[in-house]
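To start, the structure itself, in structure tokens.
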Amino acid sequence: MLIGSGPIVIGQACEFDYSGTQALKALKEEGYEVVLVNSNPATIMTDPELADRTYIEPIEPETVARIIAKERPDALLPTLGGQTALNTALAVAEMGVLEKYGVEMIGASREVIEKAESRELFRAAMENIGLRVPESRICRTLADVRATAEVIPFPIIIRPAYTMGGTGGGVAYNMEELEAIAATGLAASRSSEVMLERSVLGWKEFELEVMRDRADNCVIICSIENLDPMGVHTGDSITVAPAQTLSDVEYQAMRDAALAIMREIGVETGGSNVQFAVNPADGEMVVIEMNPRVSRSSALASKATGFPIAKIAAKLAVGYTLDEIPNDITRETMASFEPTIDYVVTKIPRMTFEKFPGAEDYLTTAMKSVGEAMSIGRTFKESLQKGLRSLEIGMPGLGRTFAREACPGRDEIMARLRKPNSKRLFHLRYAMLCGLSDTEIHEATMIDPWFIRQIRALVDLEEELRNFPLAGSVCASSTECAELMLRAKEHGFSDRQLAAMWKKDELDIRRIRQAMGIRPTYYLVDTCAAEFEAYTPYYYSTYETGREEAPRPGRKVVILGGGPNRIGQGIEFDYCCVHASYALKELGVTSIMVNSNPETVSTDYDTSDRLYFEPLTLEDVLNIIELEQPEGVVVQFGGQTPLNLAVPLLRAGVRILGTSPDSIDRAEDRERFQALLRKLDLRQPENGTAMSVEQAVAVAETIGYPVVVRPSYVLGGRAMEVVYGEEDLRAYFRHEVTVAPEHPILVDKFLESAIEVDVDALADGHDVYVAGIMEHIEEAGIHSGDSACVIPPHTLGAATVAEIERQTVALALELGVVGLMNIQFAVKDGEIFILEVNPRASRTAPFVSKATGVPLPKLATKVMLGARVRDLDPWSMRRGGHVSVKESVFPFNRFPGVDVLLGPEMKSTGEVMGVDATFGKAFLKAQLGAGQRLPQAGRVFISVNDRDKPAMAETARTFHELGFTVVATRGTGEFLAGHGVPSEFVFKVYEGRPHIVDRIKNGEIDLVINTASGKKTVHDSSAIRQTTLLYNVPYTTTLAGAKAMAQAIKESRASGTDVKSLQEYYA
Amino acid sequence: MKAFLALEDGTFFEGLSFTGKGNAQGEAIFNTGMSGYQEVLTDPSYAGQMVCMTYPLIGNYGVNLDDVESDRVWVEAFIVKECCKTPSNWRARKSLPDYLAEHGVVGIEGIDTRALTRHLRLHGAQRAVISTDDATPAELTERARAIPSMEGQDLASRVSPARPYAWADGRPAPLGDGDRPWRGTGPKVVVYDFGIKWNILRLLEDQGFDILAVPAGTAAGQVEAWGPDAVFLSNGPGDPAAIEGVVDTVARLADRYPTAGICLGHQILGLALGGRTFKLKFGHHGLNHPVKDLTTGRIEISSQNHGFCVDIASLRDVEVTHVNLNDQTLEGFRHTKKPILAIQHHPEASPGPHDSRYFFHRFREMVREHAGV
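These protein sequence lines map, in sequence, to chains G and E. FYI, numbering that gives the first Met the number 0 numbers position 503 of the first sequence as 502, with every residue one higher than the one before it. FYI, numbering that gives the first Met the number 0 numbers position 308 of the second sequence as 307, with every residue one higher than the one before it.
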């Protein structure tokens, strides 16, 4: 039995789908029957073909125990599903379930996990083998914490036990900060244990990925050096492989220490990672921590070296030794070696502070990034610039516009250098442009001088490029130009950067460059630095002289991936890309994957026939296309990233498979879309476009408040807001947008209390298969990616559903959709409005596929290559008879101070699925999967705004009838009394004490229902929601959510939920 | 300054010298270690060779006072993708370019080291020249072809010391005429220095041995006159079969004393026991080769540096103790009747993993058992 890692959260992203999928395949290869538990439907590992039994059920001890009781596995492998799997397995072991059913824990035993994860045991173990750890004390109460602060000087690092991604941890510079962070940490730790550690801020940080087999053979797979020194979580740090600034003596000492740690902790079979800090002044080395499991870093190390850590870990767990497992890449050598690489790998985290107004862009030991990009180059400089453009944050490299005046002032620069943040690297460049010395920069950042000098070299070359005397007349025939061009390319400068510096169009630069004969070559990632022949076609581009790639003959298709995970574009799109690749394999067409995200299954070297680990920019993609000459490119699966490339690629003469870019434009361009709807006689909410705040106010007045405002061409509802009046609208313009002429602001009538419906469909121009009609649980106005939804719809009438289907078919045919399409509808008072049409794979495609048993992305790929929907016959594959609920998971606990209210801007990082026979039970499971354990009894606090009050009465009554005590503030209480629902009175925060926040903190409230809308009430109630989050009390901020919760509790109480595998649902 | 690298087969690379003007010649080989360049540069086993590092960024941590395997740089030239001019490490005393320039060794960067490595893998190690001269490719190729082949070259005698020395305070202490050969109280070991790496001496010292290192040409009778408890044969450069008279000397000594050998020493023992050696296509030069110790079943990640190899099938009365898991070549053996141990890779590491260090302990135990000291 294998446990997955559940929903994507900060600190646990798709790397565990990658590792779990590898492990599953490895175990199947060995003839094992595999039972899988994972609540995340957007994972490849939960595809029903992979495991023998796939349980899309909540990953929590009781559910897992029930599955064990039902399936009676021989062994439990908990080391491939992140901290979630590890903690759940430990809990199940503590419950005695493993003993009861004779299940062996493999990969890491209970003792090993405890020794590695308990801060106290780990520290003792390190002392045992003579390794140093920073001075620290274990605390279990806030009183301990305060006492410890007398002994350990500030700044103090807070590290909770048994958490991942530094959850609940941080750096405290004073007592107040310390208490606040420690309180969160104690709550986050499953053992209520935090360690206060003397800070080694500014020390160099390293990581080693280690594997050990049962015969005690140990190998290091990869060394990683962090550009950001100690103090920034490694997940938030720019990291580089291999280590750059360690001599062999120092590296071997670290290697010896890592092996000693593996042996002392007792990890017998599998992979682990060990983190070290090194004092830059004298080389003193201390151990920071180790993870006795496959981690995010191991995914990175796998992609960085080509060594499949998870796959090998799974084989070791079932008893193989390293010398018995062949190295796929070289074929002739075995897995018992240490990869050596001949390139530089850079990983850069992707942050999303812009999504969480109120969250400070400040990096500490608690991880905040939601994704990462990896890049490979022959030098660090090349690798870094490729990595920066892979991030897709609008930066084509280290610099973008190269305008002098864009440089901030010296004070600001110094401030941005001293306090780690997501833009620090760019400020390093500014600092250099403003004349700061390497020493000044090093003192401000503690970044190793080696890295600073590397960046300095880029800035120096930038100056040279900008001041190039022939900049105005760059031409292919000049040797001087060609020499400089080549040097720029070797340093990783993109055509776009050169275009900006030399005031030319990007494509002009491309033409001139190619006329000079300057093109990238593609080198192999082969684990052995070319010492052996490599057989896995895993490539990166570089500007070197050799040639290794030989484009394959025959039919070929390029699939463009989604790049780094971000909110709004994550694993769901990678899932689609991977399926596209599988479909091509079935069709006998060579699949060529291009992606830059090391966490994904799509960048596993055996997913596609060829893998190019490259940035998803026009330049890099065109280079590959020109080399490979594919028959077409798939752009509709990777989210907005490849879609944005569709038109430029088309202009460059590339064939886009499936729905034409013109159709995409027809759906995205407002005017053309309106014409389309008029033609089909379909409705959309009243709307208008504004190029200025005055125009927006005028439009809003015409169509009437409330309105939804947003910039055009965005994904994930970035800067999208519901506005209730002119004042708010003006404020929106002040705070949220800087309107550029090419990005008008869209103003839509907001349909209050409408039901939102998401539809996924598959079409080929002739036939349309309506794959899934998902009714949202939250009302329209909450971003579709953030709302829970259900298949089949549970409140819509048959006639409405039929009409939605009719409109879907009409739209798909009119747009000439070939492949997947997603439509968002709103149903208000029986009328159907169209909110949005996206002729591409949607975030919900994997959920719909899992809920209905129809592999949508795979079928869509076949359709794009010419198959007919009618022949594929998805109708016959469809499975029903159960209810599937998708629930979103949010990163609010990572951003202290940010309000948890939902709105039109997407904030969730991941999703879970709950499946059961009825809506209520499926919803309950979805909640549990998302980490909300709904209470069966106790006190429910209800506080709703006036608009919501009438609708609330019924739900309150249900809770009352279920035996809950309803707790309410005066206004809500009086209203409920008027509707015959008794309630217990509680003070609002400003009314006196003990108020509602006190009572939540005292554990007297078991469920919080708290709605707010409009700016004012939002601020009043945010203290309640903050406390709820901090104290992990189940909550909802929507009426519909409250109603669903009541129903779920009612139904589960009546008959209880059951565990059932997908294979059983589909049977 | 522009510099050219020409191989004997006519392959030609253009790069930049980071050590000023210069010429170099030798056998071009590649090394896959990602760290440890200072140890590589000072390892006498690289005499006659131009080393191409497969890791592209070399020189990052500079050069320090401690990480040396001899008192000079032995490589004929150093070939890298990108050389770091300003190092960063608390122990760094000097930059790599300055260090090489001081030792008069040519360093060349801007070479597509991966392309060169693949070429050497496919076509074998080659004679090559590096030059900053204004010469045509054809001229340089001609020069490369004029270099004597590694096969048949007695380089060990060239790098071996002129006179015996003791090991004191981490340095060789040459024996003056009339000096006592033994200074300590530990078991006495005569170490044939065919181009020894200092770390072997350091580790022998750690095992408590009293060390007397001697030139390659030291006669067996002379060794017997010193009355050692054991004999040790070091690593070194070149073709083991070409070293004047050494096979007979070693055959005689190994018959009488507990004897161990590393690398070239391993090959010489193989020859002395009647075996054959052959040249590998492009050699083993790196820090990541898996070796299995057949006596324990354990795998060790080893430091490797050899271009020649002992043919397993040619040996009699020996038990194979170590095998290279990459290509199944011989990595170590012991005699079934006599106290003889040999290891092809480098248990002294430096650079490389420390997995095989137990070899020195095994040697010490063998001496204890057979010499009673």
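C-beta atoms are modelled at their ideal positions from N, C-alpha and C, and glycine is treated no differently. The structure presented is a predicted model; accordingly, all values stated were derived computationally and were not measured.
- A distance of 8 Å or more separates the beta carbons of E:G194 and E:L232.
- For E:P173, there is no enclosing alpha helix (DSSP H); the enclosing beta strand (DSSP E) has its first and last residue at R170 to P173.
- Within chain E, not a single residue places a beta-carbon under 8 Å from that of G:F918; the smallest gap is close to 56 Å.
- Taking one beta carbon from each stretch, the stretch 364-374 of chain G and the stretch 471-483 of chain G have fewer than 3 pairs nearer than 8 Å; the two do not touch.
- Rounded to whole angstroms, E:P352 and E:I300 show a C-alpha spacing of 6 Å.
- Around the C-beta of G:A797, fewer than 16 other C-beta atoms lie within 10 Å, and the residue is accordingly described as exposed.
- Three or more Cβ pairs closer than 8 Å define a contact, and the stretch 596-606 of chain G falls short of that threshold against the stretch 871-881 of chain G.
- For E:T276, the enclosing beta strand (DSSP E) stretches over residues T276 to D292.
- Take E:A370, set aside five residues on each side of it, and the residues of its chain with a beta-carbon closer than 7 Å to its own are P186, D228, A229 and P257, in chain order.
- Under DSSP, G:S222 forms a beta bridge with G:L207.
- Looking at the backbone, the Cα of G:E249 and that of G:F401 are separated by about 40 Å.
- By the rule that beta-carbons nearer than 8 Å mark a contact, E:G296 touches chain G.
- With respect to chain E, the C-beta atom of G:Y250 has a partner C-beta closer than 8 Å.
- Judged by beta-carbon spacing, G:G902 lies within the 8 Å limit of G:E720, meaning their Cβ atoms are closer than that value.
- Annotated three-state conformation of G:A533 is coil, per DSSP.
- In the three-state reduction of the DSSP assignment, G:A487 falls in the helix class.
- Cβ contact annotation for G:R189 (same chain, cutoff 7 Å, sequence separation greater than five): N86 and Y161, in chain order.
- Annotation: Cβ neighbours of E:K291 in chain G (cutoff 7 Å, chain order): D322.
- From the beta-carbon of G:W449, the residues of chain E found nearer than 7 Å are N59 and S87.
- Given a length threshold of 3 residues, each whole run of the beta strand (DSSP E) inside the stretch 612-655 of chain G is given here in chain order: 631-633.
- Residue state for E:H118 is assigned as helix, using DSSP reduced to three classes.
- Rounded to whole angstroms, the gap between the alpha carbons of G:T166 and G:R158 is 8 Å.
- Membership of G:N86 in the alpha helix (DSSP H) is indicated by the continuous run G81 to E93.
- Distance from the CA atom of G:E288 to the CA atom of G:T147, rounded to whole angstroms, is 21 Å.
- Excluding five sequence positions before and after E:R333, the CB atoms of its chain that fall closer than 8 Å to its own CB belong to V317, E318, T320, I339, L340 and A341, given in chain order.
- Within the same chain, Cβ atoms closer than 8 Å to the Cβ of G:V980 are found at A952, A955, R956, H959 and V965, the five residues on either side in sequence being excluded.
- In the three-state scheme derived from DSSP, where H, G and I count as helix and E and B as strand, G:K555 is classed as strand.
- Along the stretch 937-986 of chain G, the alpha helix (DSSP H) occurs as fully enclosed runs of 4 or more residues at 948-960 and 969-977, listed in sequence order.
- Pairing E:K291 with G:D215 gives a Cβ-Cβ distance that is not under 8 Å.
- DSSP, reduced to helix, strand and coil, places G:E693 within a helical segment of the structure shown.
- Neighbourhood of G:L245 in chain E, by CB distance below 8 Å: S34, Y60 and N88, in chain order.
- With a threshold of 8 Å between beta carbons, E:T320 makes no contact with chain G.
- In terms of CA proximity to G:I790, G:G880 leads the group G:F732, G:F153 and G:G880.
- Secondary structure remark: continuous alpha helix (DSSP H) runs of at least 4 residues inside the stretch 12-88 of chain G, in chain order: 14-28 and 60-70.
- According to DSSP, E:C51 shares a beta bridge with E:F29 and E:I78.
- In the DSSP assignment, G:C788 falls within the beta strand (DSSP E) that extends over C788 to I790.
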